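**Q** Handing you a structure now.
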Amino acid sequence: MTIRVRFAPSPTGQPHIGNIRTVVFNWLFARQHHGKFILRIEDTDRSRYAPNAVKVIKDSLRWLGLDWDEGPDIGGPYGPYVQSQRLEFYREKAEELIEKGWAYRCNCTPERLERIRKEQRARVETPMYDGHCRELPPDAISPDEPHVIRLKVPREGTTTVHDLLRGDITFENRLIDDQILLKSDGFPTYHLAVVVDDHLMNITHIMRGDDWISSTPKRVLLYQALGWEPPVYAHVPLVLGPDGKKLSKRHGAVSIADFRKQGYLPDALFNFLALLGWSPGEGEEQEIFSREELLELFDIQHINLASAVFSYDKLDWMNGV
Numbered sequence: 000m001t002i003r004v005r006f007a008p009s010p011t012g013q014p015h016i017g018n019i020r021t022v023v024f025n026w027l028f029a030r031q032h033h034g035k036f037i038l039r040i041e042d043t044d045r046s047r048y049a050p051n052a053v054k055v056i057k058d059s060l061r062w063l064g065l066d067w068d069e070g071p072d073i074g075g076p077y078g079p080y081v082q083s084q085r086l087e088f089y090r091e092k093a094e095e096l097i098e099k100g101w102a103y104r105c106n107c108t109p110e111r112l113e114r115i116r117k118e119q120r121a122r123v124e125t126p127m128y129d130g131h132c133r134e135l136p137p138d139a140i141s142p143d144e145p146h147v148i149r150l151k152v153p154r155e156g157t158t159t160v161h162d163l164l165r166g167d168i169t170f171e172n173r174l175i176d177d178q179i180l181l182k183s184d185g186f187p188t189y190h191l192a193v194v195v196d197d198h199l200m201n202i203t204h205i206m207r208g209d210d211w212i213s214s215t216p217k218r219v220l221l222y223q224a225l226g227w228e229p230p231v232y233a234h235v236p237l238v239l240g241p242d243g244k245k246l247s248k249r250h251g252a253v254s255i256a257d258f259r260k261q262g263y264l265p266d267a268l269f270n271f272l273a274l275l276g277w278s279p280g281e282g283e284e285q286e287i288f289s290r291e292e293l294l295e296l297f298d299i300q301h302i303n304l305a306s307a308v309f310s311y312d313k314l315d316w317m318n319g320v
């Protein structure tokens, strides 16, 4: 099996250094196993689209030495690699899910949905769709009238996610919302698009932040509904600031462009990011590594499950060695 991993950013602005740390892990994993590293642009959220963001993302990766094997600029066998150019795939699969009984059309108005959420919050309940359109006959809502398509999550049982680092994580289906798959404008939500793309692009491993764990059962259910085998998941801890809170601009530089402007060297930043939540082994005291050494030593099983703290002082030291 050829290892295939991806970096699939949304073009909404500068890529966050915490996400780039996880990209470094993915890149090392792919290169170490002679696999493929894919760049895919997830631009289905048109309200947040920033026209220059794709160029910024590519420039950031190139500066850090993170090359890709397939992507929007170089093509590949599973393109296009921009989600807004793949809409027919998502619409086809959404209709297939309706035919299989795994999805349904919903024409609830935003006003009704907001009223339901307010009532649920007043009862100290987790806001979820109440299933108003769930059991309607298939022809009750015309495809020509404004509507969304929702996943029909089983009301009973559990869904188990196997995580390469954490083992099995089980979720009760009754607590999983009937998520929207296709919006009324014909664009997919993230959940549908990412599952369809990961499958059609033969992605074998997905390494991402542990803040995505709670959404993973939705992905697993979609894979089951479509009759596909899910990829291997590995959820890595988030990167925190020196104060123990999620790393943000209040701590200092948080984008590759920021670090580049401040004079940091790409090899120093790469070395620092590779060791941010990962170590080559117990008792190993070496901290300065060449890229070749990191490629040889990287082991996904040595990723620490505790959140990593971003030390600007340590980065300064590495940059000055």
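First residue of the sequence shown? That's 0 in numbering that gives the first Met the number 0, and the numbers climb one at a time after it.
No residue lacks a Cβ here, since even glycine has one placed at the ideal position from N, Cα and C.
Model, not experiment: these values are computed from the prediction.
#1: What does the Cβ neighbour count give for Val123, buried or exposed, with the cut at 16 atoms within 10 Å?
#2: Can you list, in chain order, the residues of its chain whose CB lies under 8 Å from that of Pro145, leaving out five sequence neighbours each side?
#3: Relative to the alpha-carbon of Pro136, which residue among Ala102, Tyr128 and Leu268 has its alpha-carbon at the smallest distance?
#4: Sort Val160, Pro142, Leu275 and Ile97 by Cα distance to Lys151 and report the nearest one.
#5: According to the Cβ coordinates, are Leu294 and Arg20 closer than 7 Å?
#6: How do the stretch 171-187 and the stretch 88-96 stand: do at least 3 beta-carbon pairs fall below 8 Å, yes or no?
#7: Measure the C-alpha to C-alpha separation of Ile205 and Gln285 and round it to an integer number of angstroms.
#8: Run through DSSP, which three-state label would Ser254 get?
#9: On the CB-based measure, 16 or more other CB atoms within 10 Å of its CB, does Ile175 come out buried or exposed?
#10: I need the boundaries of the beta strand (DSSP E) containing Leu293, first residue and last residue.
#11: When DSSP labels each residue in this structure, what does Glu286 get in the three-state scheme?
#12: Please state if the CB of Ile115 and the CB of Asp138 are separated by a distance shorter than 7 Å.
#13: Give the straight-line distance between the Cα atoms of Leu112 and Asp210, rounded to the nearest whole angstrom.
#14: I believe Thr158 touches Leu220 by the beta-carbon criterion, under 8 Å. Please report the beta-carbon distance rounded to the nearest angstrom.
#15: Less than 7 Å between the beta carbons of Gln13 and Ala267, yes or no?
#16: Candidates His301, Pro79 and Pro10: which alpha carbon is nearest Ala52's?
#17: Assuming Arg207 is part of the beta strand (DSSP E), what are its boundary residues?
#18: When the Cα atoms are used, what is the spatial distance from Leu304 to Phe288?
#19: With a threshold of 16 other CB atoms inside 10 Å of the CB of Met317, please say whether the residue is buried or exposed.
#20: Please state whether the Cβ-Cβ distance between Pro8 and Ile56 is less than 7 Å.
#21: How many whole angstroms separate the CB atoms of Ile2 and Thr203, which I take to be in contact at a CB cut-off of 8 Å?
#22: Could you round the C-beta distance between Ile40 and Pro76 to whole angstroms and report it? I think they count as a contact, below 8 Å.
#23: For Tyr80, which residues from the same chain have a beta carbon less than 6 Å from its beta carbon, with the 5 sequence-adjacent residues on both sides left out?
#24: Would the beta-carbon of Arg133 fall within 7 Å of that of Arg154?
#25: Work out the CA separation of Lys245 and Ser254 for me, nearest whole Å.
#26: Closest to Thr215 by C-alpha separation, out of Met200, Ala233 and Leu225, would be which residue?
#27: For Leu63 and Thr169, I'd like the C-alpha separation in whole angstroms.
**A** Considering the structure as presented:
#1: exposed
#2: Asn106 and Ser183
#3: Ala102
#4: Ile97
#5: no
#6: yes
#7: 28 Å
#8: strand
#9: buried
#10: Counting along the chain, Leu293 falls outside any beta strand (DSSP E), though it belongs to the alpha helix (DSSP H) covering Arg290 to Leu296.
#11: coil
#12: no
#13: 25 Å
#14: 6 Å
#15: no
#16: Pro10
#17: His204 to Gly208
#18: 22 Å
#19: buried
#20: yes
#21: 6 Å
#22: With 8 Å as the limit, Ile40 and Pro76 do not qualify as a contact, their Cβ atoms being about 17 Å apart.
#23: Arg39, Gly70 and Pro71
#24: no
#25: 14 Å
#26: Ala233
#27: 37 Å
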